[in-house]
Structures are given as structure tokens and as C-alpha cells.
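Okay, so the sequence shown: first residue is 22 according to the numbering used here, each after it adds one.
All C-beta atoms in this analysis are idealised placements derived from N, C-alpha and C, irrespective of residue type, glycine included.
The next block holds one structure in the form of C-alpha cells; read it before the comments.
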Amino acid sequence: MPMQYDKLDNEELLRLSLEAINVDRDADAVVMLKTLVEREPSHHLGRYLLAAQHAQMGLFDRAEEGFRAVLAQDPGLPAARFQLGQLLVMKGLGGEAGRILQPLTGQEDALGAYARALSAIAEEDRVAAIRELQAGVALPQEIPALAADMQRLLAQLQRDADVAGTAASGMPPHAAPMFMTGYGRQG
């Protein structure tokens, strides 16, 4: 029997969507998040999680639109800013990615280091990207899913540098990390 989402209030929808995300029930999560956002279009966390789900599913145009809408509503939401920058790097739009990530690059926490690393990737500066990723993973981690992605990205960049025999520019197109809906939650 399908769940009747109209019986759930917004807080219940949000909590259940997070549970669905955590156990890879993407379709359920998307339905609940869409229901939440339809009811309350200004619900920035619901809108953010829906955009992150779209990114996770490979629906990058929808994800970009969603992240932009979240940032228009709440420009200070660092996870949405980071993921939009990440998406733009992946799309090869380094200049725009750098502008989006710029407010985060001055932070002295792991997210700031990761934003500087993505900016370096956008500028095809592998040495700086590796240095910033190493700095970021050495700091306390507030978002475990992000830390795991950044460790994978660091390992990939180091492997690519070893294969090339140098830490030169010319980033491979697959170097951009995955999107994780968990970036918006504290771990």
C-alpha cells in the first residue's frame, strides 16, 4: 500500500525524506521532498535536499536550477553554495565556479579548504588542489559524507599525478567529486 504523504506534516516529511536518503530509497525521498517544496516553496532545506537528490541521480540541470534557487533564497547556505560550485567545476565552468565558491574560500575550516581545492581544480592547478585537500582532510570534519568524497578526490588526484610523473596542470574531466545529499546535515 503506497504511503499517503498528504497525512504527513512538513516536519514529518523532512525527517522521513532524510531517512529515505540515508537508506538509498531515492524515489521515496524525491516524492517526499517534492511534496514538501510544493507545500512550502520557501522551505530552503527541502529545496536544497531535492537539488542534491537530483545531482545524485545525474539530473544536473535540475540540480543546478535547484541550488541556484536555494542560494537566491538563502545566499548564506554553505552546503548549497559548495555543491553548486562543485557542479559548475564538473561542467567545466571554472570561472563561474570560482565566483560561487569565493565566499567559502576564506573560511579556515574543512569546507573552506575544500572550496579552495575546487577553485584550484577549476583553474587546473593540481598542486594547489592537492595541498588544499590535504589541509582540509587534516581538519575536524563536520560533514562525514563530504570528507569521504574529498578523501577520494585527493586519492584520485594523487594517483593521476603519480601516473603523469608530475603534479602538473591538465585536470582529468572525471576529477570532480560526487554529490552527496548528506552535505547539508551535520554528522
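Under 8 Å between C-beta atoms of residue i and residue j
{"i": "P124", "j": "R102", "result": "yes"}
{"i": "L105", "j": "E86", "result": "no"}
{"i": "Q177", "j": "A168", "result": "no"}
{"i": "Y135", "j": "G113", "result": "no"}
{"i": "L174", "j": "L160", "result": "no"}
{"i": "I142", "j": "Q179", "result": "no"}
{"i": "A50", "j": "S63", "result": "no"}
{"i": "L34", "j": "L66", "result": "no"}
{"i": "M182", "j": "R147", "result": "Looking at the sequence shown, residue 182 is not Met but Ala. Contact: yes."}
{"i": "L54", "j": "L29", "result": "no"}
{"i": "L108", "j": "A76", "result": "yes"}
Euclidean distance between Cα positions of residue i and residue j
{"i": "A149", "j": "G115", "result": "15 Å"}
{"i": "A48", "j": "Q74", "result": "9 Å"}
{"i": "P219", "j": "R46", "result": "Given a span of 22 to 208 for the chain in the structure shown, any question on residue 219 remains unanswerable."}
{"i": "G205", "j": "R68", "result": "Per-residue confidence for G205 stands at a pLDDT of 49, beneath the threshold of 50, marking its modelled position as unreliable; the derived number appears in the next sentence. Each residue's Cα considered, the two are about 11 Å apart."}
{"i": "L98", "j": "A118", "result": "16 Å"}
{"i": "D95", "j": "L122", "result": "15 Å"}
{"i": "V58", "j": "A185", "result": "47 Å"}
{"i": "V110", "j": "N43", "result": "26 Å"}
{"i": "D170", "j": "S140", "result": "16 Å"}
{"i": "E40", "j": "R120", "result": "33 Å"}
{"i": "E144", "j": "F81", "result": "21 Å"}
{"i": "Q93", "j": "A100", "result": "The amino acid at residue 93 is misidentified as Gln; the sequence shows Ala. Answer to the nearest angstrom: the Cα atoms are 14 Å apart."}
Extent of the continuous alpha helix (DSSP H) run through residue i
{"i": "G133", "result": "131-143"}
{"i": "L151", "result": "Correcting the residue identity first, residue 151 is Ile in this sequence and not Leu. Note, I151: alpha helix (DSSP H), 147-159."}
{"i": "P124", "result": "115-126"}
{"i": "G67", "result": "65-77"}
{"i": "D183", "result": "165-185"}
{"i": "R83", "result": "81-94"}
{"i": "G97", "result": "Where G97 is concerned, there is no enclosing alpha helix (DSSP H), given that its DSSP letter is neither H nor E."}
{"i": "K55", "result": "47-60"}
{"i": "L35", "result": "31-43"}
Same chain, Cβ closer than 8 Å to residue i, five either side skipped, listed in chain order
{"i": "T187", "result": "Note on T187: pLDDT 46, under 50, position unreliable in the model; no value is reported."}
{"i": "Y26", "result": "L34, V52, M53, T56"}
{"i": "V91", "result": "H65, R68, Y69, A72, L98, A101"}
Residues near residue i in its chain [Cβ-Cβ closer than 7 Å; skip 5 each side]
{"i": "R60", "result": "N31"}
{"i": "Q172", "result": "V158"}
{"i": "G240", "result": "Since the first residue of the chain shown is 22 and the last is 208, residue 240 is not available in this structure."}
{"i": "M78", "result": "D47"}
Spatial neighbours of residue i in its chain, beta-carbon cut-off 6 Å, leaving aside the 5 residues before and after
{"i": "R83", "result": "H75"}
{"i": "E129", "result": "none"}
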